[in-house]
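Asks: My questions will all concern the structure given below.
Number of protein chains: 2
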Amino acid sequence: MGEFDLIARYFTRPTPRAALGVGDDCALLQPAPGMQLAISSDMLVEGRHFFADVDPAALGHKALAVNLSDLAACGATPLAFTLALALPRVDEAWLQGFSQGLFKLADAHGCELVGGDTTQGPLNICITVFGEVPVVDGKSQALLRSGARAGDDVYVSGTLGDARLALEALRGSIALPADLLAEARQRLERPTPRIALGRALRGVASAALDISDGLLGDLRHILKASGVGATLDTSIAIELLAASAHPACAGGLFSLENQLECVLAGGDDYELAFTAPASAREAVLAAAHRADTRVTHIGRIDAAPGLRLVDGQGGAVDGRYASFDHFG
Amino acid sequence: MGEFDLIARYFTRPTPRAALGVGDDCALLQPAPGMQLAISSDMLVEGRHFFADVDPAALGHKALAVNLSDLAACGATPLAFTLALALPRVDEAWLQGFSQGLFKLADAHGCELVGGDTTQGPLNICITVFGEVPVVDGKSQALLRSGARAGDDVYVSGTLGDARLALEALRGSIALPADLLAEARQRLERPTPRIALGRALRGVASAALDISDGLLGDLRHILKASGVGATLDTSIAIELLAASAHPACAGGLFSLENQLECVLAGGDDYELAFTAPASAREAVLAAAHRADTRVTHIGRIDAAPGLRLVDGQGGAVDGRYASFDHFG
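Chains A and B supply the protein sequences, listed in that same order. At position 281 of the first sequence (counting the first as 1) the number is 328 in the working numbering, and the numbers step up by one without a gap. At position 253 of the second sequence (counting the first as 1) the number is 300 in the working numbering, and the numbers step up by one without a gap.
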């Protein structure tokens with residue numbers, strides 16, 4: 048099968064929202080009047096972002112999910128995406144699974160594949176995603192990293208750390224009971240982009256980003272961009288690990304220290320970390336309710352720079368938690 | 048050097064035209080009122096699109112040029128691009144050269160780097176480029192592949208086939224005199240996106256695309272999308288090879304057949320092929336003059352499907368010229 052047949056068979060579908068989709072030199076997209084376009088691009092590489100034997104449908108899901116997660120972080124509504132794909136060979140079973148997983152998530156968010164590229168080469172998936180954000184009275188409603196202020200609350204969505212547990216188990220560095228591995232693996236391979244929550248937080252959150260490299264490392268981007276510091280409560284953070292409720296964990300499978308490390312520095316969570324003024328607590332809860340997404344208040348923004356961890360009584364918690372760096 | 052330092056040092060610059068550039072979850076772009084966004088994405092892989100030892104500055108140029116060429120083909124004005132880069136290791140000399148070549152071309156077209164991604168992996172460069180095209184009275188002014196009509200003239204810009212000559216010489220399958228290789232190599236490694244011509248052809252050309260896989264193969268996309276056929280004059284086509292004027296060529300270095308193959312099926316030209324009604328001949332020449340770009344009338348569009356080659360007297364020319372397929 049040649050390049051054009053491959054694109055026609057697996058990656059060409061109607062694009063009712065785009066002015067022009069796959070098949071010409073460019074796709075054409077027209078944001079609605081008063082809308083800004085939010086753009087993000089992520090590249091996934093075998094061995095770095097996924098295992099060679101990963102289910103192709105899960106990979107199709109994840110490749111788009113990590114991009115949609117960036118749109119969620121700025122409160123954008125998904126519109127369209129391009130897909131550039133380097134493949135070692137044409138493997139129809141793989142393409143079938145990959146495109147199925149990709150389009151299932153794309154359809155769930157009304158996000159159309161409008162263009163891209165395919166070539167032969169070491170497996171590489173590069174998606175660029177487009178969303179729209181309203182501009183009201185000349186002011187963008189996009190959630191940025193730079194808006195956190197001293198006194199704001201710090202929140203995270205969903206659960207944290209379970210993806211890292213699965214990664215360690217798949218690498219063979221820890222053993223997990225089968226049911227726990229299955230749940231954790233779902234979190235690693237099928238992250239849920241928090242699109243509905245991101246939209247609901249427009250005008251409510253003061254800053255936001257998505258957690259891809261680990262909570263502490265990513266939160267530091269907000270602190271740096273906003274010129275502030277933060278204090279997080281580890282007694283609340285520990286409960287963000289879904290696995291912590293499992294009997295094996297409660298029975299001592301991992302130390303609390305290990306569980307906390309997964310939560311604070313696990314990576315691959317694709318949850319939102321965001322800040323909001325204390326006066327907006329009800330609005331945050333209402334947004335979470337509208338988005339049907341759990342949010343947890345885990346700390347506060349301080350004027351003093353730096354990131355401090357405290358226990359439930361406010362005592363300092365020692366421990367350095369490193370975040371994932373793609374060249375680390 | 049970590050991922051964030053690398054991005055900060057080599058790929059973060061002011062973006063006066065974008066609402067938000069590198070450094071947040073998404074870039075923000077706001078097309079001017081009445082403008083449509085044209086989007087194209089190309090992925091370049093070592094061994095497939097460039098040699099491992101290519102000058103990094105030339106590679107930075109080419110990676111963006113092939114994307115700008117897609118904007119040119121639809122008559123769009125460049126605005127911005129994202130860059131996703133997989134690197135086997137952090138090589139500062141390489142990054143210095145690559146980013147310098149990339150930004151030199153970007154600056155020449157006022158095209159801002161607004162976001163992207165970097166990761167470790169086999170060398171892979173994926174650029175997604177954004178341009179704008181006016182919409183007049185509800186009608187997009189983008190040049191498409193589907194507008195060619197029987198009786199239209201067929202044109203190409205610039206010269207064709209020299210990039211292929213250089214490729215064959217670098218592969219060692221032919222020998223070229225040093226001066227000829229230097230010129231041809233420039234065409235292979237530093238293609239010129241025909242942005243000014245594409246814009247000048249808005250409202251003049253009936254169909255257009257850029258020639259990346261070879262004239263005949265690419266022209267077939269216009270014929271298929273427009274439901275027409277074409278006849279090309281090989282006695283004119285042969286003169287599109289710049290090298291054909293070189294004494295070595297005139298002295299019989301290659302057969303006319305080989306020269307014609309380079310012109311018709313060479314690939315990597317990044318020139319525009321376009322059609323226009325015979326009534327627009329003066330307008331085409333005026334557009335070429337405004338864009339300071341040579342255009343050559345090489346044939347006509349027919350109602351009968353298929354692509355026919357004729358000599359200067361109109362007699363049929365035999366010969367099958369294959370086009371480059373990334374999975375061929």
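Every residue gets a Cβ at the ideal spot worked out from N, C-alpha and C, and that includes glycine. Remember, it's a predicted structure, so these values are computed and weren't measured experimentally.
1. Given a threshold of 16 other Cβ atoms within 10 Å of its Cβ, counted over all protein chains shown, does Val183/B qualify as buried or as exposed?
2. Given Arg232/A, which residues of its chain have a CB within under 6 angstroms of its CB, disregarding the five upstream and five downstream residues?
3. If you scan the stretch 290 to 375 of chain B from start to end, which runs of the beta strand (DSSP E) of 3 or more residues do you find wholly inside it?
4. Since Ser259/A and Gly162/B are thought to touch, with beta carbons under 8 angstroms apart, how far apart are those beta carbons, to the nearest angstrom?
5. Compute the beta-carbon to beta-carbon distance between Ala327/B and Val251/B, rounded to the nearest angstrom, for a pair I have assumed lies under 8 angstroms.
6. Looking at the structure shown, is Pro63/A part of a helix, part of a strand, or coil, going by DSSP?
7. For Leu130/B, I'd like the list of residues in its chain whose CB is within less than 7 angstroms of its CB, leaving aside the five on either flank, ordered along the chain.
8. For Lys109/B, count the other beta carbons within 10 Å of its own beta carbon; 16 or more makes it buried, fewer makes it exposed. Which is it?
9. Tell me the DSSP secondary structure of Gln83/A in three-state form.
10. In the DSSP output, which residue or residues are listed as bridge partners for Val203/B?
11. Could you list the residues in the stretch 114 to 127 of chain A with a C-beta less than 7 angstroms from some C-beta on chain B, going in chain order?
12. When you compare each of Ala247/A, Val342/A, Val101/A and Glu286/A to Ala119/A by their alpha carbons, which one comes out closest?
13. Between the stretch 149 to 171 of chain B and chain A, which residues of the former have a C-beta closer than 7 angstroms to a C-beta of the latter?
14. Within 8 angstroms (strictly less), CB to CB, does Thr340/B reach chain A?
15. At the level of alpha carbons, what is the spacing between Ala79/B and Arg211/A?
16. Taking the DSSP output, what are the residues bridged to Ser187/B?
17. Verify whether the separation of the beta carbon atoms of Leu319/A and Leu262/A is less than 8 angstroms.
18. Please state whether DSSP places Pro125/B in a helix, a strand or coil.
19. Kindly indicate if chain B contains any beta-carbon less than 8 angstroms away from that of Ser291/A.
20. Can you name the residues of chain A whose CB is closer than 7 angstroms to the CB of Thr175/B?
21. Reducing DSSP to helix, strand and coil, say where Ala153/A ends up.
22. If you count every other CB in all the chains shown that lies within 10 Å of the CB of Leu303/A, and 16 or more means buried, which is it?
23. CB-CB under 7 angstroms to Asn114/B, same chain, minus the five flanking residues each way: which ones, in chain order?
24. Between Cys296/A and the rest of its own chain, which residues show a CB-CB distance below 6 angstroms, the 5 nearest in sequence each way excluded?
25. Taking Gly163/B as part of the beta strand (DSSP E), name the residues at either end of that continuous run.
26. Below 9 angstroms on C-beta distance, what does Ser187/B contact in chain A?
27. Determine the closest residue to Asp102/B out of Pro135/B, Asp349/B, Arg237/B and Leu356/B, with distance taken between C-alpha atoms.
28. Given Gly208/A, which residues of its chain have a CB within under 6 angstroms of its CB, disregarding the five upstream and five downstream residues?
29. Starting from the Cα of Arg95/B, find the closest Cα among Ala277/B, Asp316/B, Leu170/B and Leu266/B and give me that residue.
30. Could you check whether the stretch 264 to 275 of chain B touches the stretch 346 to 358 of chain B, counting it as contact only if at least three pairs of C-beta atoms, one from each stretch, sit closer than 8 angstroms?
31. One question on the structure: do Ala123/A and Gly178/A come within less than 8 angstroms of each other, judged by their Cβ atoms?
32. Between the stretch 219 to 226 of chain A and the stretch 131 to 140 of chain A, do three or more beta carbon pairs fall short of 8 angstroms?
33. Would you decide whether Leu106/B is buried or exposed? Buried here means 16 or more other CB atoms lie within 10 Å of its CB.
34. Does DSSP put Ser88/A in a helix, a strand or coil?
35. Looking at the structure shown, is Val275/B part of a helix, part of a strand, or coil, going by DSSP?
36. Where Ile242/B and Arg60/B are concerned, what is the direct C-alpha to C-alpha distance, given to the nearest angstrom?
Replies: With the given structure in hand:
1. exposed
2. Ala213
3. 318 to 323, 342 to 349 and 353 to 357
4. At roughly 14 angstroms, the Cβ-Cβ gap does not stay under 8 angstroms, so Ser259/A and Gly162/B are not in contact.
5. 5 angstroms
6. coil
7. Phe58, Leu160, Gly163 and Ile174
8. buried
9. strand
10. Ala320/B and Thr343/B
11. Asp117, Leu118, Ala120, Cys121 and Ala123
12. Ala247/A
13. Val161, Gly162, Gly163, Asp164, Thr165, Thr166, Gln167, Gly168, Pro169 and Asn171
14. no
15. 43 angstroms
16. Val182/B
17. no
18. strand
19. no
20. Ser88, Thr129 and Thr175
21. helix
22. exposed
23. Ser87, Asp89, Phe128, Ile174 and Val176
24. Ala290
25. Glu159 to Gln167
26. Ala66, Leu67, Leu75 and Gln77
27. Arg237/B
28. Leu288, Cys309, Val310 and Gly313
29. Leu170/B
30. yes
31. yes
32. no
33. buried
34. strand
35. coil
36. 23 angstroms
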